[in-house]
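Protein chains: 4
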Amino acid sequence: MMISNQSGISGTTGGCSVPIRVNRNTRTDPTMVNVAGIMFGPNEIGIIAGPCAVESKEQLIETAKKVRNSGGAVLRGGAFKPRSSPYSFQGLGEEGVKLLCEARKETGLPFVTEVMDTRQVEYIAEHADMLQVGSRNMHNYPLLKEVGMTKKPVLLKRGMMATIEELLHSAEYILNQGNDQVILCERGIRTFETSTRNTLDLNAVPMLKHLSHLPVIVDPSHGTGHRWMVPAMARAAIAAGADGLIMEIHYNPDKALCDGHQSLSPEEFDRLMNDLVKIARSIGREILLPQPSII
Amino acid sequence: MMISNQSGISGTTGGCSVPIRVNRNTRTDPTMVNVAGIMFGPNEIGIIAGPCAVESKEQLIETAKKVRNSGGAVLRGGAFKPRSSPYSFQGLGEEGVKLLCEARKETGLPFVTEVMDTRQVEYIAEHADMLQVGSRNMHNYPLLKEVGMTKKPVLLKRGMMATIEELLHSAEYILNQGNDQVILCERGIRTFETSTRNTLDLNAVPMLKHLSHLPVIVDPSHGTGHRWMVPAMARAAIAAGADGLIMEIHYNPDKALCDGHQSLSPEEFDRLMNDLVKIARSIGREILLPQPSII
Amino acid sequence: MMISNQSGISGTTGGCSVPIRVNRNTRTDPTMVNVAGIMFGPNEIGIIAGPCAVESKEQLIETAKKVRNSGGAVLRGGAFKPRSSPYSFQGLGEEGVKLLCEARKETGLPFVTEVMDTRQVEYIAEHADMLQVGSRNMHNYPLLKEVGMTKKPVLLKRGMMATIEELLHSAEYILNQGNDQVILCERGIRTFETSTRNTLDLNAVPMLKHLSHLPVIVDPSHGTGHRWMVPAMARAAIAAGADGLIMEIHYNPDKALCDGHQSLSPEEFDRLMNDLVKIARSIGREILLPQPSII
Amino acid sequence: MMISNQSGISGTTGGCSVPIRVNRNTRTDPTMVNVAGIMFGPNEIGIIAGPCAVESKEQLIETAKKVRNSGGAVLRGGAFKPRSSPYSFQGLGEEGVKLLCEARKETGLPFVTEVMDTRQVEYIAEHADMLQVGSRNMHNYPLLKEVGMTKKPVLLKRGMMATIEELLHSAEYILNQGNDQVILCERGIRTFETSTRNTLDLNAVPMLKHLSHLPVIVDPSHGTGHRWMVPAMARAAIAAGADGLIMEIHYNPDKALCDGHQSLSPEEFDRLMNDLVKIARSIGREILLPQPSII
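So the sequences go chain by chain: A, B, C and D. Counting in the numbering used here, the first sequence runs from 19 upward without gaps. Counting in the numbering used here, the second sequence runs from 19 upward without gaps. Counting in the numbering used here, the third sequence runs from 19 upward without gaps. Counting in the numbering used here, the fourth sequence runs from 19 upward without gaps.
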């Protein structure tokens, strides 16, 4: 493959133009992304779990403990929430970030939370262990540049309307600022199918790993929109070669302020983790456990 | 769930209106589909493999032997081919069906082949072990009725832009004629993504099994369009709960008259079958082997 | 543009591969399609209207008179209906064709009706003035070949899932059998948008006329799915350069057995025809009136 | 229609949930949007034109003069450009805004330019006559809130894969901050069709005007991606009822730094404006001319 320095595009692979810094051909080994000591990459499989939104101290701490006890390696939780309607719950904001810090202290789990505005990046980067750029912001180039200027790892979710090629170009914006700690996330795309919230495009897993050296994880919660479908698609994602999963868990899904219908209960999550260990072993991998010092 | 006899629709499940005869709630157990003794259903996983098109006696017999030796249970091969252009190879027609019968005699594998025209149904049903209604004909209602009037099992592929609900309604046309031996097949849908031939919608596997009692298989060859992606997505389909797979195999993919770029070589197929055995066991299932009398 | 006789593809125009017989470059002038004396082509604009389905003698004759009196040139009406569910009204069949013949006798309007099965082609070609291949059958190649072998003009609707390029390839199947009397019809495509039944792709009008010499018409009834939207999109289609329209009209839309929600009442149709005359003149064209001998 | 104050949603119209402030039912008359004296609304039709990106003083001033002389009412030009690749031309930034101010001084045309980052809003609102929120930022809620807090009119483009309902919810974010000067813009959506850059969804015009009191304009340049298609689709948009158009014009399209293939030359734009006058009159409207004091 030829590398063209002028355009920053290094040829086309599988019909995609793949930019130079994310391109698999520019590195000998796949990239490892270090989230407070938890290593995402080609070896063990990392599980990120937690509530859609941080709602209260009790909700977050109780859910976080369940996540850790079942083998989740990283906590997720939304403090600043992008909602289609201005009248929906918009998240607890900075108060939510503080609760995430408390949950980390209590459980030892590092956490990832979403950043939506260039003006929030500095504050969130100071507290969180990983910054999430959500699906609706995958094309928000000023935000991509801003997170690229931090030293924190970035979880970049594919836009619900974005091609695999565009996801790689958005990742390139981050790497181009000097930050190569980027995890790509397939979370379902918008199609004509309406029985599921999105169409989980697991083809993206082998394709992204073919084109890029970055780790790839999957979000089966948004990718299906139905709690009862999450286990099947979580297993499928691992079998397809994903380096991790991000899932919504709530200690009481029926009372969740958002996405309860797609959140696993702690018991469902625990059962799923047992299944994932078996699937991972069947393809010669292991689920990455929480750091020994934590448990 | 209420059953309305007037409309034939028995309530809505997961946002879908599910017609009465295919509806999961109308049977105690999942349906088993019997393809010349090979049983597709909730127990073992059946693998269908073979060339996109029947091209010659040598090509077909050699490929069929490889399929059987690696553990494929049913042979596939196109005799009448639906091609976008009138100038593309249209298949060998009845000559192709005769070669499929010879391959069956030689290897003991039953075969499935596509039927495109109501006028062909009688002839093909006389010779083939299963009739395939292809993606382009999922909405061809006269054809659905005609195959419903035969006693042969039917492999019904999802239209490339058909919803899960529409697939179930098309299956209902077949069951409504008295034939309940229908296998549903997810084979990829058309979306905005262009790096893959189709977007393989594995969400359809748990959704279809949730809504219907019919077995569900997956076609990772058309679902990806890239030979190197087939193993990852075949594994993912099994992990998602599919009851089988249909894959394109060619004894010399680079010389194939159609779909060579997405056909596995015999060696690739053999390696994949070994992987599938492990994946199946990790979820408590087994790959269905060719009938003992054959091997 | 080079013409390649081997593949039947004559180069690529606007990113499309355009087959040889439908290709604009292979004819000096646009093709005129003669529907019992009504000429569809680059000059006057032809309006096809009538009920979704033939329901009864009264319904059809009364609606046909309204169509003629308001300036419609061709009557439409479904006798064999492709319905997603086997439990929906499937049309009156041959009885419906007979009623269409009666309506023609009564009003002088030629009629177009849908053919779904290769075995129906001979019968319908004997009675109808134009054969419609519907959206669900655009990829039904045996049917395309069969209508290509008749001497009757063909109204070929774009598949709801078909690209512009695929529509041209399907038309090529008809021309390749010796029948060049083909009218292409944009009728809306399936997208993620759910507030309308389909997304009417008016881009297809200038694109198809750029690539092919065949006339292009638009179906704003299926393209919107809402009666109140039909006039706006009918006007837009003419302004975009369409050579005609096909619309659903019912003498009592609220009682229609199918598609009542998208059928115009006779009064709405009459008002729309007046508007269309003005739009047509503003771009230097005229609406084609029913044959003088008729009125 | 019931107005629910709790959710901010006032019932469902045409299958859409329409929020309260943008809802047609909450105002007696359609909203007029005042862009420096140019009134967008249900009366005259306003034309916005100019280059994709501001490239140089000469390019901008020469193009702006052509726009004004042919009857364009507002100048467009990108200073901060959202580009898929970090290696593409990113716009002249503040220097571009200064050139737009010069062009306004020279021609008397007010201008609209895109804002991508909450931190730019204050600066751009100080200089521009209208703020554009581009397709990629339709879901950027902090940005929507920020432009909602200014006193400047906002041109809100539909996301390339956003539903009509989501567009209305995004507009609601702006109105909810106290700014009701919002123009909605259909600019093409992403579908499976590849011969055009996007699928221009003109259905959105009557649907948006049915659901909301806000003016609706159309962008046939991005909606087609082909210069030669722009006139046909500009005419169609007006015939469908659009309150205006936004188009890319370049004084030398073949030398444009971006989007030259979809930019009209000044001569093409002038011819098109003559056609639009006729189309507008055929539906009883007029093209809004530049302010008398200017010419």
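Quick reminder that beta carbons are idealized off the backbone N, C-alpha and C, glycines included. These numbers were taken from a predicted model, which means no experiment stands behind them.
- Query: Would you call the region 125-143 of chain C and the region 94-106 of chain B touching, i.e. three or more CB-CB distances under 8 Å?
  - Reply: Too few Cβ pairs lie closer than 8 Å, so no.
- Query: Can you list the residues of chain B that THR209 (chain D) reaches, using a CB-CB cut of under 7 Å?
  - Reply: For this step, residue 209 (chain D) is matched to residue 191 along the fourth sequence. Residues of chain B passing the Cβ test: PHE210.
- Message: Would you say ASN197 (chain C) lies against chain B (beta-carbon separation less than 7 Å)?
- Response: In the third sequence, counting from the first residue as 1, residue 197 (chain C) sits at position 179. Output row for ASN197 (chain C): interface = no.
- Under a CB-based cut-off of 7 Å, is SER213 (chain B) close to chain A? As a working note, residue 213 (chain B) is residue 195 in the second sequence. Yes, because at least one Cβ of chain A sits closer than 7 Å to the Cβ of SER213 (chain B).
- Beta carbon of ILE235 (chain C), beta carbon of ILE201 (chain C): below 7 Å? Along the third sequence, one-based indexing puts residue 235 (chain C) at 217. Along the third sequence, one-based indexing puts residue 201 (chain C) at 183. Between ILE235 (chain C) and ILE201 (chain C), the C-beta spacing is below 7 Å.
- Taking the alpha helix (DSSP H) that ASN87 (chain C) falls in, what are its first and last residues? To locate residue 87 (chain C), count along the third sequence from 1; it is residue 69. Element bounds for ASN87 (chain C): 75-87.
- Query: In whole angstroms, what separates the C-alpha of LEU161 (chain A) from that of ASP135 (chain A)?
  - Reply: Counting from 1 along the first sequence, the entry for residue 161 (chain A) is found at position 143. Counting from 1 along the first sequence, the entry for residue 135 (chain A) is found at position 117. Cα to Cα, the separation comes out at about 7 Å.
- Task: Name the one or two DSSP bridge partners that GLN150 (chain B) has.
- Result: Walking along the second sequence from the start, residue 150 (chain B) turns up at place 132. Answer is B:GLU132 and B:LEU173.
- What is the DSSP secondary structure of ARG289 (chain A), reduced to helix, strand or coil? Locating residue 289 (chain A) in the first sequence gives position 271, where the first residue counts as 1. Taken through DSSP and simplified to helix, strand or coil, ARG289 (chain A) comes out as helix.
- Task: Count the other CB atoms, across all protein chains shown, that sit within 10 Å of the CB of ARG94 (chain B); report buried if there are 16 or more and exposed otherwise.
- Result: Looking up residue 94 (chain B) in the second sequence gives position 76. Classification of ARG94 (chain B): buried, given that the 10 Å Cβ count is 16 or more.
- Query: Are SER213 (chain D) and CYS34 (chain C) touching if we call contact CB-CB under 7 Å?
  - Reply: As a working mapping, residue 213 (chain D) is identified with position 195 in the fourth sequence. As a working mapping, residue 34 (chain C) is identified with position 16 in the third sequence. Their beta carbons are under 7 Å apart, which means SER213 (chain D) touches CYS34 (chain C) by this criterion.
- Query: Beta-carbon separation of ALA121 (chain A) and GLY111 (chain A) under 7 Å?
  - Reply: If you number the first sequence from 1, residue 121 (chain A) lands on position 103. If you number the first sequence from 1, residue 111 (chain A) lands on position 93. No, the pair does not count as a contact, with Cβ atoms beyond the cut-off.
- Query: Which residues does DSSP pair with ARG94 (chain B) in a beta bridge?
  - Reply: Counted from its first residue, the second sequence places residue 94 (chain B) at position 76. Residue pairing by DSSP puts ARG94 (chain B) in a beta bridge opposite B:VAL130.
- Message: Which residues in chain A have a C-beta closer than 9 Å to the C-beta of GLU190 (chain D)? List them in chain order.
- Response: As a first step, residue 190 (chain D) is located in the fourth sequence; it is residue number 172 there, counting from the start. Going along chain A in sequence order, the residues near GLU190 (chain D) (Cβ under 9 Å) are SER103, PRO104 and TYR105.
- Message: Considering Cα atoms alone, identify which of C:GLU80, C:ASN41 and C:SER153 is closest to HIS268 (chain C).
- Response: In the third sequence, residue 268 (chain C) corresponds to position 250, counting from 1. For HIS268 (chain C), the nearest C-alpha among the options comes from C:GLU80.
- Message: Please classify MET167 (chain C) as buried or exposed, where buried requires at least 16 neighbouring CB atoms within 10 angstroms.
- Response: On the third sequence, residue 167 (chain C) is found 149 positions in, with the first residue counted as 1. The residue in question, MET167 (chain C), is exposed, as its Cβ has fewer than 16 Cβ neighbours within 10 Å.
- With a 10 Å radius around its C-beta and 16 neighbouring C-beta atoms as the bar for buried, classify ILE38 (chain A) as buried or exposed. One-based indexing of the first sequence puts residue 38 (chain A) at position 20. By the 10 Å Cβ count, ILE38 (chain A) comes out buried.
- Message: Any beta carbon from chain B within less than 7 Å of ALA82 (chain A)'s own beta carbon?
- Response: Within the first sequence, numbered from 1, the residue matching residue 82 (chain A) stands at position 64. Output row for ALA82 (chain A): interface = no.
- Task: Taking the CB atoms as reference points, tell me whether GLY278 (chain B) and PRO284 (chain B) lie closer together than 7 Å.
- Result: Taking the first residue of the second sequence as 1, we reach residue 278 (chain B) at position 260. Taking the first residue of the second sequence as 1, we reach residue 284 (chain B) at position 266. Result no, Cβ atoms of GLY278 (chain B) and PRO284 (chain B) do not sit closer than 7 Å.
- Between the CA atoms of LEU173 (chain B) and VAL53 (chain C) - distance to the nearest angstrom: Locating residue 53 (chain C) in the third sequence gives position 35, where the first residue counts as 1. Locating residue 173 (chain B) in the second sequence gives position 155, where the first residue counts as 1. Cα atoms of VAL53 (chain C) and LEU173 (chain B): separation of roughly 40 Å, rounded to the nearest angstrom.
- Three-way DSSP call (helix, strand, coil) for VAL295 (chain C) in this model: Along the third sequence, read from residue 1 onward, the residue named residue 295 (chain C) stands at position 277. It is helical.
- Message: Please report the straight-line C-alpha distance between ARG137 (chain A) and LEU218 (chain C), rounded to a whole angstrom.
- Response: Start at 1 with the first residue of the first sequence, and residue 137 (chain A) comes out as number 119. Start at 1 with the first residue of the third sequence, and residue 218 (chain C) comes out as number 200. Approximately 41 Å, taken between the alpha carbons.
- Message: In whole angstroms, give me the CA-to-CA distance for VAL36 (chain B) and ILE301 (chain B).
- Response: Position 18 of the second sequence, counted from the start, is the residue given in the question as residue 36 (chain B). Position 283 of the second sequence, counted from the start, is the residue given in the question as residue 301 (chain B). Between VAL36 (chain B) and ILE301 (chain B), the C-alpha separation is close to 28 Å.
- Query: Got a sec: which bits of the region 114-139 of chain D sit with their beta carbon under 9 Å from any beta carbon on chain A, in order along the chain?
  - Reply: Answer set for the region 114-139 of chain D: MET134, ASP135, THR136, ARG137 and GLN138.
- Message: I'd like to know whether the C-beta atoms of LEU232 (chain D) and THR44 (chain D) end up nearer to each other than 7 Å.
- Response: Residue numbering aside, residue 232 (chain D) sits at position 214 when the fourth sequence is read from its first letter. Residue numbering aside, residue 44 (chain D) sits at position 26 when the fourth sequence is read from its first letter. The Cβ atoms of LEU232 (chain D) and THR44 (chain D) lie no closer than 7 Å to each other.
- Task: Could you name the residues of chain A that GLY177 (chain D) contacts, counting a contact when the two beta carbons are closer than 8 Å?
- Result: For the purposes of this step, residue 177 (chain D) is identified with residue 159 of the fourth sequence, where counting begins at 1. Against chain A, the beta carbon of GLY177 (chain D) has neighbours under 8 Å at MET179, listed in chain order.
- Query: What's the C-alpha gap between ILE182 (chain D) and PRO224 (chain D)?
  - Reply: Your numbering for residue 182 (chain D) matches position 164 in the fourth sequence. Your numbering for residue 224 (chain D) matches position 206 in the fourth sequence. Distance from the CA of ILE182 (chain D) to the CA of PRO224 (chain D), rounded to the nearest whole angstrom, comes to 11 Å.
- Return the chain-ordered list of same chain residues with a C-beta closer than 7 Å to the C-beta of HIS187 (chain D), the five sequence neighbours on each side being excluded. The residue labelled residue 187 (chain D) in the question sits at position 169 within the fourth sequence. Answer for HIS187 (chain D): PRO37, listed in chain order.
- For my contact list, VAL40 (chain A) and ALA189 (chain A) are in at a C-beta cut-off of 8 Å; report their separation, rounded to the angstrom. Residue mapping note: residue 40 (chain A) aligns to position 22 of the first sequence, counting from 1. Residue mapping note: residue 189 (chain A) aligns to position 171 of the first sequence, counting from 1. Correct: roughly 5 Å between the Cβ atoms.
- Query: Which chain D residues sit within Cβ distance under 7 Å of HIS187 (chain A)?
  - Reply: Against the first sequence, residue 187 (chain A) aligns to sequence position 169. Result: SER102 and SER103.
- Bounding residues of the alpha helix (DSSP H) (the contiguous stretch that carries LEU117 (chain D)): Taking the first residue of the fourth sequence as 1, we reach residue 117 (chain D) at position 99. 112-125 is the span of the alpha helix (DSSP H), which, as asked, contains LEU117 (chain D).
- Query: Taking just the CA atoms, how far does GLN199 (chain B) sit from GLY206 (chain D)?
  - Reply: As a first step, residue 206 (chain D) must be located in the fourth sequence, where it is residue number 188. As a first step, residue 199 (chain B) must be located in the second sequence, where it is residue number 181. Cα to Cα, GLY206 (chain D) sits roughly 44 Å from GLN199 (chain B).
- Using a Cβ-Cβ cut-off of 7 Å, state whether ASN41 (chain A) counts as contacting chain D. In the first sequence, counting from the first residue as 1, residue 41 (chain A) sits at position 23. No, ASN41 (chain A) lies away from the interface with chain D (no Cβ there is under 7 Å from its Cβ).
- Message: Under DSSP, the alpha helix (DSSP H) around SER35 (chain A) begins and ends at which residues?
- Response: Position 17 of the first sequence holds residue 35 (chain A). Premise fails: SER35 (chain A) lies in the beta strand (DSSP E), 34-37, not in any alpha helix (DSSP H).
- Task: Can you tell me which of the three DSSP states GLU204 (chain A) falls into?
- Result: On the first sequence, position 186 is the one that residue 204 (chain A) refers to. Strand.
- Give me the Cα-Cα distance between SER239 (chain C) and VAL151 (chain A), rounded to the nearest whole angstrom. Taking the third sequence and counting its residues from 1, the one referred to as residue 239 (chain C) is at position 221. Taking the first sequence and counting its residues from 1, the one referred to as residue 151 (chain A) is at position 133. For SER239 (chain C) and VAL151 (chain A), the distance between alpha carbons rounds to 41 Å.
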